[in-house]
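> I'd like to ask some things about the structure below.
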Amino acid sequence: MRRLMRRLPHGPNCKLCAAPFEGPAGAVLRHFHNAGSGLMAATPSLARELESQGFERVLPWTRGVDTTLFRPRPVRLFGDGPVFLYVGRIATEKSITAFLDLDLPGRKVVVGGGPQLDELTARYPDVLFTGKKTGEALAECYASADAFVFPSRTDTFGIVLLEAMASGLPVAALPVCGPQDVVTNGVTGVLSNDLRAAALAALSLDRARVRAKAAEYSWENAARLFLANVTGACRVGRERAPAARKLPLAKTSRPPQARV
Numbered sequence: 000m001r002r003l004m005r006r007l008p009h010g011p012n013c014k015l016c017a018a019p020f021e022g023p024a025g026a027v028l029r030h031f032h033n034a035g036s037g038l039m040a041a042t043p044s045l046a047r048e049l050e051s052q053g054f055e056r057v058l059p060w061t062r063g064v065d066t067t068l069f070r071p072r073p074v075r076l077f078g079d080g081p082v083f084l085y086v087g088r089i090a091t092e093k094s095i096t097a098f099l100d101l102d103l104p105g106r107k108v109v110v111g112g113g114p115q116l117d118e119l120t121a122r123y124p125d126v127l128f129t130g131k132k133t134g135e136a137l138a139e140c141y142a143s144a145d146a147f148v149f150p151s152r153t154d155t156f157g158i159v160l161l162e163a164m165a166s167g168l169p170v171a172a173l174p175v176c177g178p179q180d181v182v183t184n185g186v187t188g189v190l191s192n193d194l195r196a197a198a199l200a201a202l203s204l205d206r207a208r209v210r211a212k213a214a215e216y217s218w219e220n221a222a223r224l225f226l227a228n229v230t231g232a233c234r235v236g237r238e239r240a241p242a243a244r245k246l247p248l249a250k251t252s253r254p255p256q257a258r259v
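Here you go:
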C-alpha cells in the first residue's frame, strides 16, 4: 500500500490517482484492508485520499526521526555563505532540476546517489554533489546548511524533511502532499509555488523554533501513536467479533489426502 500511495500525488479528483482503485484491483484492495480493524496512513492528505477511495477506519501514524543524531551542530562543511541543501535520491521523479535551476545566492549542495547523479554533475558544475552520506556524515551536512530545498511533487511524506527540521534547518518546499502535512508554514519552513522565494524566505526563520517543532516527530512519539492505534484496533476487533461469529459457517469438505 505504501508503494502504491507514493504514486498518488495529485488528489482525489485526478484520474491518474484514482486509477489504481478502479476495477477488480481496487475492489480487492478495499476488501482486503477494510476487513481489518484499522489502516494506518502517514499524513492527513493520504488519509483523506484513502477515505475518498472507500477505505475505512483510517488511522494516523506519522514517521519518526532520530532527534539525537539529527541536531544542530557547530559545523560549516560548505563555507559561510548561504548554503542551500538537497538530500535524497537523485532521480527524475524528485524534480531536482527545479532546485538546481534556481537563481540563488551562495552555494547549492546535493547529497545522495541515484540514476541522475552523473548526468546532473556534468550539467551543473557549480553545484557540489557529495554522493551518498549516512550517519554522522549526513547529520553534519544538514547542520552545515542554511536552508533545505525540497522540490519534489510526488513524495507522500519525505523523511528528509524531518531530518532537516531536527537539525534546525528551515525547509523550502512546494505546497503539495508531503510538505504541506509536515512543514508548518512560516515556522519550520516556507511553502510556495515560487520555490526561489520560499528558499530565500526560509533563511530568516528561527532555527531554534524549527528544531523545537521537529521534536513532535521523535521516535518516542511515533511509537506511542502506533501503540495507541494497535490498542484501539484491538478494541474494535473485539466489538466486531461477536457479529462475525453469528454468520453461518460454510460446510467444509474433508481435506484431500496427501499423495506420497
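Just so we're aligned, residue 0 is where the sequence shown starts under numbering that gives the first Met the number 0, counting upward by one. For every residue, glycine included, the Cβ atom is placed at its ideal position computed from N, Cα and C.
Would DSSP call Gly130 helix, strand or coil?
Sequence index remark: in the sequence shown, residue 130 carries index 131 (1-based). In this structure, Gly130 counts as strand in the three-state DSSP scheme.
> Are Phe149 and Pro169 closer than 8 Å when you measure CB to CB?
Numbered from its first residue, the sequence shown carries residue 149 at position 150. Numbered from its first residue, the sequence shown carries residue 169 at position 170. Going by C-beta atoms, Phe149 is not nearer than 8 Å to Pro169.
> Please classify Asp154: is it buried, with 16 or more other beta-carbons within 10 angstroms of its beta-carbon, or exposed?
On the sequence shown, residue 154 is found 155 positions in, with the first residue counted as 1. Classification of Asp154: buried, given that the 10 Å Cβ count is 16 or more.
> For the beta strand (DSSP E) containing Asp58, list its first residue and its last residue.
For the purposes of this step, residue 58 is identified with residue 59 of the sequence shown, where counting begins at 1. The sequence given here has Leu at residue 58, not Asp. From DSSP, the beta strand (DSSP E) with Leu58 extends over 57-59.
> Taking a contact to mean a Cβ-Cβ separation below 8 Å, would you say Ala138 touches Gly113 in this structure?
Residue numbering aside, residue 138 sits at position 139 when the sequence shown is read from its first letter. Residue numbering aside, residue 113 sits at position 114 when the sequence shown is read from its first letter. No, the Cβ-Cβ distance between Ala138 and Gly113 is not below 8 Å.
> Val74 and Arg106 - do their beta-carbons sit closer together than 8 Å?
Working through the sequence shown from its first residue, we reach residue 106 at position 107. Working through the sequence shown from its first residue, we reach residue 74 at position 75. Cβ distance not < 8 Å, so Arg106 and Val74 don't count as in contact.
> Which stretch, first to last residue, makes up the beta strand (DSSP E) that contains Ala172?
As a working note, residue 172 is residue 173 in the sequence shown. First-last of the beta strand (DSSP E) with Ala172: 170-172.
> If you draw a straight line from the alpha carbon of Arg62 to that of Asp180, how long is it in whole angstroms?
Here residue 62 is taken as the residue at index 63 of the sequence shown, counted from 1. Here residue 180 is taken as the residue at index 181 of the sequence shown, counted from 1. Roughly 11 Å separates the two Cα atoms.
> Check whether the Cβ atoms of Leu103 and Cys140 sit closer than 8 Å, and answer yes or no.
As a working mapping, residue 103 is identified with position 104 in the sequence shown. As a working mapping, residue 140 is identified with position 141 in the sequence shown. Their beta carbons are not under 8 Å apart, which means Leu103 does not touch Cys140 by this criterion.
> Terminal residues of the continuous alpha helix (DSSP H) containing Ala34?
Here residue 34 refers to the residue found at position 35 of the sequence shown. Neither: Ala34 is in no alpha helix (DSSP H) and is coded neither H nor E.
> Helix or strand or just coil, what does DSSP make of Ser217?
Here residue 217 corresponds to residue number 218 of the sequence shown, with the count starting at 1. In the structure shown, Ser217 sits in a strand (DSSP, three-state: E or B).
> Kindly indicate which three-state DSSP category Leu190 falls into: helix, strand or coil?
Residue mapping note: residue 190 aligns to position 191 of the sequence shown, counting from 1. Strand, per DSSP.
> Taking 6 Å as the limit between beta carbons, can you name the residues of its chain near Ala46, skipping five residues before and five after?
Reading the sequence shown from its first residue, position 47 is the one you call residue 46. For Ala46, where only same-chain residues beyond five positions count, the Cβ hits under 6 Å are Ala40, Val57.
> If you draw a straight line from the C-alpha of Asp145 to the C-alpha of Gln115, how long is it?
Here residue 145 is taken as the residue at index 146 of the sequence shown, counted from 1. Here residue 115 is taken as the residue at index 116 of the sequence shown, counted from 1. Each residue's Cα considered, the two are about 25 Å apart.
> Measure the alpha-carbon distance for Leu190 versus Arg223 and round it to whole angstroms.
If you number the sequence shown from 1, residue 190 lands on position 191. If you number the sequence shown from 1, residue 223 lands on position 224. For Leu190 and Arg223, the distance between alpha carbons rounds to 29 Å.
> Measuring alpha carbon to alpha carbon, tell me which residue in Ser44, Val109, Gly167, Asn192 is nearest Thr66.
Stepping through the sequence shown from its first residue, residue 66 is reached at position 67. Nearest of Ser44, Val109, Gly167, Asn192 to Thr66, Cα basis: Gly167.
> DSSP beta-bridge partners for Leu84?
For the purposes of this step, residue 84 is identified with residue 85 of the sequence shown, where counting begins at 1. The partner list for Leu84 (beta bridge, DSSP) reads Val108, Phe147.
> Suppose the cutoff is 7 Å on Cβ atoms and the five residues either side in sequence are ignored; what does the same chain contact list for Ser143 look like?
Reading the sequence shown from its first residue, position 144 is the one you call residue 143. Contacts found: Val74, Arg75, Leu76, Phe77, Val82.
> Mind checking whether Val108 and Thr129 have CB atoms under 8 Å apart?
Numbered from 1 along the sequence shown, position 109 holds the residue referred to as residue 108. Numbered from 1 along the sequence shown, position 130 holds the residue referred to as residue 129. Result yes, Cβ atoms of Val108 and Thr129 sit closer than 8 Å.
> Rounded to the nearest angstrom, how far is the Cβ of Val186 from that of Arg210, given a contact under 8 Å?
Counting from 1 along the sequence shown, the entry for residue 186 is found at position 187. Counting from 1 along the sequence shown, the entry for residue 210 is found at position 211. Actually they are not in contact, since the Cβ atoms of Val186 and Arg210 sit about 11 Å apart, beyond 8 Å.
> Return the chain-ordered list of same chain residues with a C-beta closer than 8 Å to the C-beta of Gly80, the five sequence neighbours on each side being excluded.
Along the sequence shown, one-based indexing puts residue 80 at 81. Cβ within range, chain order: Pro104, Gly105, Arg106.
> Straight-line CA distance for Lys93 to Val86?
Here residue 93 corresponds to residue number 94 of the sequence shown, with the count starting at 1. Here residue 86 corresponds to residue number 87 of the sequence shown, with the count starting at 1. When rounded, the distance between both Cα atoms is 10 Å.
> Taking DSSP as the reference, what is the three-state secondary structure of Val64?
For the purposes of this step, residue 64 is identified with residue 65 of the sequence shown, where counting begins at 1. It is a strand residue.
> With distances taken from CA atoms, which of Lys131, Leu101, Gly111 is nearest Asp125?
Sequence index remark: in the sequence shown, residue 125 carries index 126 (1-based). Taking only the C-alpha atoms, the option nearest Asp125 is Leu101.
> Have a look at the DSSP bridge pairing and note the partners of Ala40.
For the purposes of this step, residue 40 is taken as residue 41 along the sequence shown, with counting starting at 1. DSSP output for Ala40 lists Pro59 as bridge partner(s).
> How far does the alpha helix (DSSP H) with Gln179 in it extend, from its first residue to its last?
By one-based count along the sequence shown, residue 179 stands at place 180. Taken as a continuous stretch (DSSP letters only), the alpha helix (DSSP H) holding Gln179 covers 178-181.
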